[in-house]
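The numbers in full-length UniProt numbering rise by one with no breaks, and the one at position 451 of the sequence shown is 451.
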Amino acid sequence: MENVEEAGVNGDLKNGEDAAKKDSRSKCGKYRNGKESVSKKQSKAKPEDENKSLEELKRSLNSVTSAEEKITLLCEKYADLLEDNRKLALALKQSEKRALVLQTEKEQAQNESSKVILTKGRLENLCRELQRQNKTIKEESLARIREEEEKRKELSTRFNVTLNEINSLMQTNAEKNSQLREENKALTDKFKIICEQYEMRELQVEKLMKQNQLETKLSETKLAKVQVELMQEKELLLRELSNYQQQLKQTAENEDVLRGQIRMYSDKYEEFQQALAKSNEVFVNFKAEMDKMSKKIIKLEKETSSWKLRWEKSHNALIDMIADKQQRDEELVLAGKQVSQLQRLCRTLQEERSKHISKLREYDEDAGKSQPAIMKKEEIDALLERQPKAPMPLPVIDPVPIIDDDGEINFDPPAENSSNETAAANDTVTVDSEQTEKKNSIDEVTVSTNGSASASTLNDSVPEAVVEKPAPEKTNKQSTPTPEKKKAKEGGRKKKK
């Protein structure tokens, strides 16, 4: 387009220059012809004036008789002719100066007229090109508007279909879509307003061009009629041309602005299409992630239900264990009290035993002389050693559940409690063995002596606590943990992980 415009402008310039040259040539020829006609008239008028002046001189000379008067007349005539000649020379110089000024003015007027013609040709060519460009721009804009309307319709139909399918999941995108529709409506309204403004400006440009044509015609007629008013009309035309040039520049700038707006709106429309495509992709990815998350949630719910059942079982087992531990602690306290009482009783029994043995020895020494069948002390000791000792069964204590710092449940009893319990059990065993030995020795003594008095005294001396309150026997429970305890252990380890 720019090359075409330059070629058109160059052609217009050449045509204008040729026209200006032709006009200047024609005017110069007219000026020369006028000069020649004036010179011919002057040449024709000179002999007639000379003849008249000669006839007047002859008459004046004939009227005068003396030669001196004739000489004076001739001198006066010669002086008048010299003054006339001087006046004519001055008039010639002034006329020549005026002619030169008029020629310069004429040349300036010719140059200005040639410039006006050139500008007129340029303006006409520019107007034609502007009309062509306006037509092409109109066609392109209409085609683009139609294409954009078709695309917008297609996109609106697709968008409505997708909205109908995704209304349940895309409530938040509905507001964005409504905003985008409002923006599209605003854009269409802006496009309509721009088109109307563009048409109004085209009408204004056409009116201005018509006015320019009328004014150029008037200027040509005025130039043909009056050359004096050329300067005034020239100034007016120059002012008008400057105004029109400014208006043309403004229209060109407005056209550039409008084109930039059209490009901007097309870019925004493309960005809108890209945003729609991205939103569709995001929705598909979101749907896939939602399906995955729903499957994971179902699995986790199953695992949580299983872990909940395990936790309830382990919790119930812990409650049972704690209750058992409390019962066993109470039993251990009672057993400790009983052991302390038994130790006291054992000490008292040992003291009584030593006393009774000393008495028996004295009795044996006294009765040895009269009754030789009584058993000796060594035989009694041997019999006591031969009798098997019946150890008392040790109480087996179930392990107490202990929760470590790591969150695991241990069933091993603490070292201090186990050592104390074993020591207490050993004490009870020793006490029970001593009690059995004392009873056996007392029975043997009573059998050997056959004396009812000694047996009765021994039985009376034994306290009732030993006879009536035997050591409590506890049923042995399995020290191995139950399957419920194992499950509780595994649950604690998994929770720790």
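The beta-carbon is built from N, C-alpha and C at its ideal position, and this holds for glycine as well. From a predicted model like this one, the values you see are computed outputs, not experimental measurements.
Span of the alpha helix (DSSP H) around residue i
| i | result |
| --- | --- |
| L130 | 67-166 |
Among the options, the one whose alpha carbon lies nearest that of residue i
| i | options | result |
| --- | --- | --- |
| F159 | F272, E139, K52, S242 | F272 |
| L169 | T104, E112, Q232, K287 | K287 |
| N280 | K268, S156, T162 | T162 |
| R181 | T157, Q338, E220, E253 | T157 |
| E124 | L142, L309, Y244, L61 | Y244 |
| E183 | Y269, S305, M293 | Y269 |
| Y198 | E96, Q94, A252, W311 | A252 |
| L276 | K302, K176, L118 | K176 |
| I137 | Q232, Q341, N316, E255 | E255 |
| I262 | K249, M293, F191 | F191 |
| L248 | L236, R122, S219 | R122 |
| L236 | Q250, Q246, S219, L142 | S219 |
| L155 | Q274, L334, M264 | Q274 |
| S141 | E289, E196, Q246 | E196 |
| N228 | H356, V101, D84, K52 | The amino acid at residue 228 is misidentified as Asn; the sequence shows Val. Ranking the options by Cα distance to V228, first place goes to V101. |
Close-in-space but distant-in-sequence residues of the same chain around residue i (CB under 7 Å, 5 per side omitted)
| i | result |
| --- | --- |
| K120 | T216 |
| E351 | none |
| S63 | none |
| L214 | none |
| M107 | In the sequence on display, residue 107 carries Glu and not Met. Result list for E107: empty, nothing under 7 Å. |
| residue 500 | The requested residue 500 is not part of the displayed model; the chain covers only 1 to 497. |
Check whether residue i and residue j have beta carbons under 8 Å apart
| i | j | result |
| --- | --- | --- |
| K87 | L57 | no |
| I166 | F283 | yes |
| A109 | L230 | yes |
| C127 | M209 | yes |
| I193 | L258 | no |
| E112 | K234 | yes |
| L54 | L73 | no |
Cutoff 6 Å; reference residue i; Cβ partners in own chain excluding five residues on either side
| i | result |
| --- | --- |
| G260 | none |
| E147 | none |
| residue 529 | Given a span of 1 to 497 for the chain in the structure shown, any question on residue 529 remains unanswerable. |
| E150 | none |
| N212 | none |
| P414 | Here P414 scores only 42 on pLDDT, less than 50, and its place in the model should not be relied on; the value that follows carries that caveat. Cβ within range, chain order: n/a, list empty. |
| K308 | none |
Min CB distance residue i to chain C below 8 Å
| i | result |
| --- | --- |
| D256 | The displayed structure is made up of one protein chain only, and chain C is not part of it. |
Neighbourhood of residue i by C-beta distance below 8 Å, restricted to the same chain and skipping five residues each side
| i | result |
| --- | --- |
| I71 | none |
Quick test of the definition: if touching needs 3 or more C-beta pairs under 8 Å, does the region 234-252 touch the region 186-198? The region 234-252 makes no contact with the region 186-198, as fewer than three CB pairs between them are under 8 Å.
Using 8 Å as the Cβ pair cut-off and three pairs as the minimum, do the region 127-137 and the region 220-237 touch? Segments in contact, no.
Taking three-plus beta-carbon pairs below 8 Å as touching, is the region 66-85 in contact with the region 187-207? Contact between the region 66-85 and the region 187-207 is absent: fewer than three C-beta pairs spanning the two stretches fall below 8 Å.
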